[in-house]
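Student: Got a structure for you, questions after.
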Amino acid sequence: RKMTSAKPRSPLTMCLTSEPLTAEQERASTKTTPTTVLVVRHGETEWNTQGRWQGQQDSPLTQEGIKQALLLGERLKKANLSVDAVYSSDLLRARRSAQVLCEGMGLDPALIRENKDMRERGFGIFEGKTRAEVSDDYPYELNMYYSSNDDNFKVEGGESRRELVDRSLKWLAEIGEKHDGETVVVVTHGAVVSALMREMLSIPYDPKPIADLRIRNTCVCEVRRDPGSTRWTVLSIGDVAHTEATGLHGE
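The structure is reproduced here in structure tokens:
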């Protein structure tokens with residue numbers, strides 16, 4: 117059963133609904149193809165393996181990260197998926213992942229379109245430091261980061277969850293307009309994917325959840341919008357089937 121958003125929080129808010137399609141919507145959905153967006157986290161990086169906060173700083177992909185992206189590209193090619201466009205965050209780790217993914221699909225990497233709104237959440241003073249270093253240097257800020265329910269909270273020099281969600285919804289809306297009825301791959305970052313999935317499914321942020329979304333390296337979240345509808349449907353979250361046999365799950 118699909119979930120319901122009680123009240124949209126912004127004009128761009130896109131979520132699921134428990135209401136079935138009307139007869140008119142059903143008829144409209146047979147006229148053209150749905151708009152499909154595959155939202156992908158980048159491959160494993162050096163800083164991932166070191167447990168460092170990356171944010172909007174950068175770190176190169178590891179060899180495993182390159183393999184992960186290549187495996188995903190090969191998987192999409194074997195599935196005979198017709199991809200109309202590939203987008204990437206402007207950060208190096210996402211761009212490189214998108215390039216390798218395109219190579220695996222047999223697409224020209226020159227077709228990749230960069231979008232700054234797809235970059236990782238800014239973590240300010242945490243960036244470049246290990247988890248242990250942040251715990252030692254900024255214990256109060258770290259506690260607030262994990263315990264605050266305030267969507268507008270941000271660490272010094274960083275970005276709030278609300279700011280991250282708003283710019284993520286912006287690029288999703290733009291893709292929906294530019295690529296109506298097409299299939300698009302977006303290579304982005306862990307916090308972006310997690311925040312977007314939570315927003316679309318109306319899952320509130322809980323600092324002490326019983327369970328949480330696990331967004332591993334090169335995982336795929338598939339969302340689709342039916343023709344004639346403004347509603348996006350989440351079809352899958354955190355899919356890493358392409359790395360299951362190899363154990364290259366990453367972080």
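Add 116 to the 1-based position in the sequence shown for this note's numbering, that's all there is to it.
We put the CB at the ideal spot given by N, CA and C, even for glycine.
1) Would you mind working out which of Asn-231, Gln-184, Gly-344 sits nearest Leu-285, comparing C-alpha positions?
2) Within a Cβ cutoff of 8 Å, which residues of the same chain sit near Arg-143, ignoring the five residues on either side of it in sequence?
3) Beta strand (DSSP E) containing Thr-152: first to last residue?
4) Could you please give me the residues that DSSP links to Ser-352 through a beta bridge?
5) Is there contact here, the stretch 149-162 with the stretch 332-346, by at least three beta-carbon pairs under 8 Å?
6) Is it true that the CB of Phe-269 sits closer than 7 Å to the CB of Gly-171?
7) Below 8 Å, can you find three or more Cβ-Cβ pairs linking the stretch 286-306 to the stretch 219-237?
8) Skipping 5 residues on each side, what residues in its chain have a beta carbon closer than 8 Å to that of Pro-150?
9) Please tell me whether Leu-351 and Ala-311 are closer than 7 Å, where the distance is taken between their beta carbons.
10) For Asp-174, count the other beta carbons within 10 Å of its own beta carbon; 16 or more makes it buried, fewer makes it exposed. Which is it?
11) Who are the near neighbours of Gln-166 in its chain, counting only those whose CB is closer than 8 Å to its CB and skipping five residues on each side?
12) According to DSSP, which residues form a beta bridge with Phe-239?
13) For Thr-299, which residues from the same chain have a beta carbon less than 7 Å from its beta carbon, with the 5 sequence-adjacent residues on both sides left out?
14) Pick helix, strand or coil for Thr-161, following the three-state DSSP scheme.
15) Hey, how far is the Cα of Leu-223 from the Cα of Tyr-254?
16) Could you please give me the residues that DSSP links to Ser-198 through a beta bridge?
17) Where does Leu-132 sit, in a helix, a strand or coil, going by DSSP?
18) Looking only at its own chain, which residues have a Cβ that is under 7 Å from the Cβ of Ser-251, when we skip the five neighbours before and after it?
19) For the alpha helix (DSSP H) containing Thr-178, list its first residue and its last residue.
Tutor: So, to answer that:
1) Taking the sequence shown and counting its residues from 1, one reaches residue 285 at position 169. Here the closest residue by C-alpha is Asn-231.
2) Reading the sequence shown from its first residue, position 27 is the one you call residue 143. Unreliable positioning characterises Arg-143 in this predicted model, as indicated by a pLDDT of 49, which lies under 50. The coordinate reading is nonetheless provided below. Scanning its chain for C-beta atoms nearer than 8 Å, with the 5 sequence neighbours on each side dropped, one finds no residue around Arg-143.
3) Reading the sequence shown from its first residue, position 36 is the one you call residue 152. Under the DSSP assignment, Thr-152 falls in the beta strand (DSSP E) whose first and last residues are 151-157.
4) Counted from its first residue, the sequence shown places residue 352 at position 236. Its beta-bridge partners are Glu-338.
5) Taking 8 Å as the limit for Cβ pairs, the verdict is that the stretch 332-346 does touch the stretch 149-162.
6) Numbered from 1 along the sequence shown, position 55 holds the residue referred to as residue 171. Numbered from 1 along the sequence shown, position 153 holds the residue referred to as residue 269. Not a contact, by the Cβ cut-off of 7 Å.
7) The stretch 286-306, when compared against the stretch 219-237, does touch it at the 8 Å Cβ threshold.
8) For the purposes of this step, residue 150 is taken as residue 34 along the sequence shown, with counting starting at 1. Excluding residues within five positions, the ones whose Cβ falls inside 8 Å are Gly-297, Arg-340, Arg-341, Asp-342, Pro-343.
9) To locate residue 351, count along the sequence shown from 1; it is residue 235. To locate residue 311, count along the sequence shown from 1; it is residue 195. No, they are not a contact pair.
10) The residue labelled residue 174 in the question sits at position 58 within the sequence shown. With 16 or more other Cβ atoms from the protein chains shown falling within 10 Å of its own Cβ, Asp-174 counts as buried.
11) On the sequence shown, position 50 is the one that residue 166 refers to. Cβ neighbours of Gln-166 beyond the five flanking positions: Thr-246.
12) Mapped onto the sequence shown, residue 239 falls at position 123. According to DSSP, Phe-239 bridges with Gly-274.
13) On the sequence shown, position 183 is the one that residue 299 refers to. Listed in chain order, the non-local C-beta contacts of Thr-299 below 7 Å within the same chain comprise Thr-152, Leu-197, Ser-198, Val-199, Asp-200, local neighbours out to five positions each way being set aside.
14) Here residue 161 refers to the residue found at position 45 of the sequence shown. In the structure shown, Thr-161 sits in a strand (DSSP, three-state: E or B).
15) Start at 1 with the first residue of the sequence shown, and residue 223 comes out as number 107. Start at 1 with the first residue of the sequence shown, and residue 254 comes out as number 138. So the two alpha carbons sit approximately 44 Å from each other.
16) As a working note, residue 198 is residue 82 in the sequence shown. DSSP output for Ser-198 lists no bridge partner at all.
17) Mapped onto the sequence shown, residue 132 falls at position 16. In this prediction, Leu-132 has a pLDDT of 37, which is less than 50 and means its spatial position is unreliable; nothing more can be read from the coordinates.
18) Counted from its first residue, the sequence shown places residue 251 at position 135. Counting only Cβ-Cβ distances below 7 Å, and skipping sequence neighbours, we find Leu-258.
19) If you number the sequence shown from 1, residue 178 lands on position 62. It is not in any alpha helix (DSSP H) - Thr-178 carries neither H nor E in the DSSP assignment.
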